[in-house]
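Just below is one structure, and these are the notes that go with it.
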Amino acid sequence: MLGFADESVTIALITSDILRLPSLRIFVQPTEANGLRLDSEIMADMLHTVPISKIGKVLGMIDPFTQRKVDEALRLHLGL
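First residue of the sequence shown: 191, per my numbering; consecutive thereafter.
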């Protein structure tokens, strides 16, 4: 039997409602690789844990530079 941690994933929400909070919200412009259609922000301050079964197909991926910025924002927000 799998535990809850094995059946879920924590995600950072993405919004096109730009607030420009650079320490917690990472600005991302749309590209073919990331699958976004509008300028957006990855919200390190808006995390949700959801069942893996609720996750659909991959629509895109962020580049390594943006991922590092998200990692930094998550460390700040979570106090790690």
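All C-beta atoms, glycine included, are put in the ideal place defined by N, C-alpha and C. Predicted model, so just to flag it, every value in this text is computed and none were measured.
Candidates 269, 256, 268, 244: closest to residue 231 by CA position: 256
For residue 226 and residue 218, believed in contact at Cβ under 8 angstroms, the rounded distance: 6 angstroms
Straight-line Cα distance separating residue 200 from residue 240: 6 angstroms
Distance between beta carbons of residue 253 and residue 234, contact taken as under 8 angstroms: The Cβ separation is near 17 angstroms, so there is no contact.
Nearest neighbour of residue 259, chosen from 251, 216, 221 [CA to CA]: 216
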